[in-house]
Amino acid sequence: MANSVEQLLNVLEDTAMLLAKTQLNLKKCPKQRLTKGYIEARIKNIEEYWSTYKSAHVELVKCVPKPKRQDIPYFVNEEYFVQEDLYTCLLADLNDLLSGLSNTTSLPVSMQAARNNSVSMDIQVKLPRIQLPTFSGIYDEWPAYQDLYTSLVHDNPTLSKVQKLHYLKSSLTGEALSLLKHVQVTEDNYNDAFAMLKARFGNKRIIANSILKRLFTQKKITSQTASNIKAILDTTTECLNALTNLKLSTSSLDPLAHSLIVFLVVHKLDPETHREWEEVAYDATNDELPKWDALSKFLQSKFRTLELITSASKEKPSSRGKEYAVHVSTSSTSKPRCCVMCEKDHTLCHCEEFIKLSPAERCEYLKQNKLCYNCLAPGHSAYKCRLRMFCRKCHKRHHTLTHQSIPMTSPNQPDNMNQQDKFETHQDSAKPNETNVTISSHVAANLSTALLATALVPVRKPETGQVTVLRALIDHGSQATFMSERAAQLLRVRRTPINGTITGVGSTKTNVKHAAEIELLSRHDACFNLKVKTYIMSTRLTTELPSKTISINTWPHLQGLALADPSFNKSGRVDLLLGVDVCAQIMKGEVIKGPPGTPCAQNTTLGWILFGNVEYNLPEREIIVMHLNIDLNDMLKRMWEQDPYDQRQPTAEERRCEEIYAITTTRNKDGRYIVTLPKKSNVLLSKDGNTRAIALKRLYQLEQRFKNNPKLKSDYVTVMKEYQANYMETVPEEEITNPSVYLPHHAVIKEGRETTKLRTVFNASQKGTNNTSLNDELMVGPQLQDDMRSLIMRWRMKKVCFVADIQKMYLQILVKKEDRDLQRILWRNDDQEPVRDYRLTRVTFGTASAPYLAVKTLHQIAKDEGQKYPEASEIIRRDYYMDDMMSGKDNVQDALKVPKEIDTILKKGGFQLKKWCSNDINFLKEFEESERSSHVKLDLSLDGITRALGLQWNMGNDRFQYSLNLPGTSNITTKRTILADLQRLFDPLGWLAPSILPAKLLIQRLWLQGISWDEEVEETIATEWNNLRESFRLYLPCIEIDRWLHTTETNNNNISIHGFCDASTKAYAAVAYLRVRTPTGSVKTSIIAAKTKVAPTKSQSLPRLELSGAVLLAGLLKRIKEAMNIPTCQIFAWTDSTIVLSWLFGDPARWNTSKE
């Protein structure tokens, strides 16, 4: 069998070679030999070759079974189909040649004689001299030049090569001549020179690209004129003929290619010609797509008709200033129009009988006559309609005449219809707006001749003082101020991340991701400056205003005014949109109104702004509407449906903050750290905000509270006396007038605190009269500590754990003297005493930089004093969350050693540890009772419940517990009350995720129903929530989670992390467990963390949700690995979705964005 297969393959190979040689010989064959007999013999030969090849192929298929064909190159390369195509091409070419010869030889004898006579007569006529063509180097001109030059010069046997080279160089210009500039005119150089030209400009691909580029980049015609239609027809025909000359035949294009050319040309036509072509192309009895020949004939007929009627009925254009035509029609069509309903000379949309019908009757008529609901033409549906028309009332895909704004009713009941219409109007007006729109802007521009108010505004960047003049649009209808991305980059503003949505016409949405603060100045008022929060738009704010330059007329009422925008009449870019918050600050009372057709002027701090209608004909009419909608529902949905795990890189400001601390921080003789407040700029505007008057007013308000609450006054005075003794100093009389910032202060009471229940908070965010606060000018600094979840994960790995916090951490850090005037306060112990000026000498709770300065100082003391105690130094850097320490060791001896080392380090900087807690009684006995937490009870055993980073921890049984203090059930259940109760569940590691997920799904149902925040929910939802709420109250106290994971530092190799993910159509989740083999050989498994996410409201496939679950698990395991320092080889992720596994094991190059 093997021999027979090999023999058949040899036969097939030999026969294929014969076919290939036949093709080669046919190409080399001179034209004189292509006689009828020669061609017929060739056809007979190739038919015999193909018969042999086909028979061998059939035998080979019989011999080789399908499974073995994959090993034979003949089947793998599909050689049969290759040779079949070669045979078909050869046979077709030979038949074409034979047909051409038959047509020539079949001419009558008289015609051949006439042809011969005409030739002999032509010979007697002296024809004009043929000029040599010129070629400048344009690629698509090369084929024509080459053919003509070859015919006249290259193939002329009477010319020598020297003469040919001379003629060749004399016919070149431009780039082509430069190519042969160095070639000497000699006999030997001609062939090389001509070959150089062919190699450079005869590149078939480049020529084809040039032709196709010209074909595809034709301009769309806007009006139906003969010249426009001729231009597009001639250009298309010329390009197709040029492609044919390149042997890229367009005559035998398949239907798809014809359709593409027709589609391209049709979409370059004006709407009127486009519509008429659709009427001509429609054929109810034929489903074939129209070809280019048909379109070409139609365009030829169209421009000839237009040429005839244009010369006969040429009219002057109308000089009217405004046109409000909705439907445009002309009488210059290739065939008369005929209304489908009345058969008169007009379209259906202009038919009086059709317009008299009600919208419902019009729809019924269109349905019965199978007309398009969009263009009202026959032959297609609205779904397939090519005209880009939409209803002007609802912007949907139907004609405006078919729009139905009221329910369908019987046409013989007009009274009922009117009542129904009034009822719906009343309902719409009574229904409250359920979209939480916080910022909106509506701008109308260029509605014929409208002039909008613009101004040139100097904008200063607060950080550097850089001033840039921007052109602004003043919009009273906008609730916020917007800036273009171009202006933001020009000013290099400091961006603040936000989440906002801009909703425009047709519900188009654009996200706003950044905001910034800028300072507005005035070109006409040197004293004016206004700090404004602006939202940065990634897209343009509006088109150039005005859309076209307006000629300035003589308007007497505007003479001598200092305009806010001297170039208001010139079209220009708008980079700033000033909302109503700015308008209220800049508007003045003067308004000047002129006669109709002239703009009004209003005086502002920025100068006189002009607005109104101007008697000027603008050719373009456009309406721009902007609407920014910050939807709390979308923000909440993103919070629950997304979970970013990527660590944020420090910003330039955060790096600068670190540099300031490193350069300026010092220590006094007692070891306390002295820090500088990190300021964004050296020039502070908050000093000029008259903050003392504001602080004095707040002090008087606080004293009024004291009169109503003597207990509050007593506690507050006690705290302030401690400040007077230790943490603040009196401002000397001679320094009272120095530039400074005064901070209002008030009391915050927390009943659950172990020590002082009252805390004084200093409000550094209080803005002065110049709308600037101290916090606005202070750097926040980077985040230096791990998040709470990572700290709890590490804490659970310690067998003997301990908790403590630093007593009054902020107040142990001194502030440099030059910055203390930024922390002034007003105070008196009794309202009978005079008010005194003080300044705080320590880092102050309430300033933006206080958390950073405290944590950074904590890390700094670990670095400066921790060389002798590396383990304690590492705990200070890693196991602190603000002033709370959570750490531990494997045994009591080590656990007692480390806290003493930590205490030694911290005391060198003036810090003191208090409120010690532990799960070991022997550990706590080493501390005085005053140093232990008040929740610790040491009798015969350890007992007590304390809070560790918000978690409730029972020290006696070393377990986490839950308690939920829900308020009483209200009479009305709303989305706001549901979410407020749900947020009382503090579950940072997701241990309650299965219990909270039903509540998340319930909230999502409320989104889909579109219920507002304070609207009462349906009874079924309220009942479901109350049942969930009651189950939380009853069963949450019964849930306990072991704190210790049974891990030690010696059995890290016996630890493994196992993560599981799953999904349904409603939600997806991920959970991670720690599995450890103890020294006794037993296996312990404990939950580490879990996360759940509701499925997006947009429907997704189950494999896609399974993939989202896998992504969620990957992020969770990454966080666990970094927090608990578990090697990657000991972490395992599990999923039951084979589709997800196939995606993950596939080539990453094939992943799309969603899978990555």
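Take the sequence shown: its letters are residues 94 to 1249, numbered as in the numbering used here.
C-beta: ideal position from N, C-alpha, C; glycine also.
Keep in mind the model is a prediction, meaning the values are calculated, not measured.
Cα-Cα separation between residue i and residue j, rounded to whole angstroms
i: A1156; j: H839; result: 49 angstroms
i: Y131; j: L111; result: 17 angstroms
i: S229; j: S264; result: 9 angstroms
i: R485; j: Y466; result: 14 angstroms
i: D164; j: A109; result: 21 angstroms
i: N1012; j: S1192; result: 49 angstroms
i: Q100; j: C156; result: 12 angstroms
i: L494; j: D363; result: 23 angstroms
i: S956; j: Y793; result: In the sequence under discussion, the amino acid at residue 956 is Lys, which differs from the Ser named in the question. Cα-Cα distance, rounded: 45 angstroms.
i: Y1166; j: L1129; result: 21 angstroms
i: K449; j: Q461; result: 18 angstroms
i: N868; j: I906; result: 19 angstroms
i: I1232; j: S1201; result: 12 angstroms
i: W143; j: Y180; result: 7 angstroms
i: A745; j: H952; result: 21 angstroms
Start and end residues, alpha helix (DSSP H) containing residue i
i: Y232; result: Careful: Y232 lies outside any alpha helix (DSSP H) and carries neither H nor E.
i: F1016; result: 1014-1017
i: Q900; result: Run containing Q900: none; DSSP gives neither H nor E here.
i: S890; result: A quick correction: the sequence has Met, not Ser, at residue 890. Element bounds for M890: n/a, residue is neither H nor E.
i: K1191; result: That residue, K1191, is in no alpha helix (DSSP H); it is neither H nor E in DSSP.
i: E457; result: 452-461
i: A694; result: That residue, A694, is in no alpha helix (DSSP H); its beta strand (DSSP E) goes 693-697.
i: L258; result: 254-263
i: T642; result: Unbroken run through T642: none, as it is neither H nor E.
i: A788; result: 784-801
Helix, strand or coil at residue i according to DSSP, with G and I counted as helix
i: A565; result: strand
i: E1133; result: strand
i: S271; result: helix
i: A548; result: strand
i: S1235; result: helix
i: F704; result: strand
i: I829; result: coil
i: D930; result: strand
i: K428; result: Low confidence applies to K428: its pLDDT is 46, below 50, so where it sits in the model is not reliable, and the reading given next is rough at best. In the structure shown, K428 sits in coil (DSSP, three-state: anything other than H, G, I, E or B).
i: P555; result: coil
i: K993; result: helix
i: A470; result: coil
i: R1257; result: This structure leaves residue 1257 out entirely; the chain is present only between 94 and 1249.
i: T940; result: strand
i: W1046; result: strand
i: Y1161; result: strand
i: N529; result: At N529 the pLDDT is 40, less than 50, meaning the model places this residue with poor confidence; the figure from the coordinates comes in the next sentence. Note: N529 maps to coil in three-state DSSP.
Cβ neighbour criterion (16 or more within 10 Å) applied to residue i
i: K949; result: buried
i: T1171; result: exposed
i: C1154; result: buried
i: F174; result: exposed
i: P688; result: exposed
i: F356; result: exposed
i: C1174; result: Reading off the sequence, residue 1174 comes out as Gly, not Cys. It counts as exposed.
i: R1069; result: exposed
Where the beta strand (DSSP E) containing residue i begins and where it ends
i: Y766; result: 766-768
i: V1077; result: It should be pointed out that residue 1077 corresponds to Arg in this sequence rather than to Val. From DSSP, R1077 is part of no beta strand (DSSP E); its letter is neither H nor E.
i: M821; result: 821-823
i: L671; result: 669-671
i: G981; result: 977-982
Please determine if the region 317-324 and the region 389-398 are in contact, where contact requires at least 3 C-beta pairs separated by less than 8 angstroms. yes
Cβ pair count under 8 angstroms reaching 3, the region 1179-1190 against the region 1128-1148: yes
Within 8 angstroms, do at least three Cβ pairs link the region 824-832 to the region 748-763?
Result no; under three Cβ-Cβ pairs closer than 8 angstroms.
Segment contact flag, the region 636-645 with the region 613-627, C-beta cutoff 8 angstroms, min 3 pairs: Result no; under three Cβ-Cβ pairs closer than 8 angstroms.
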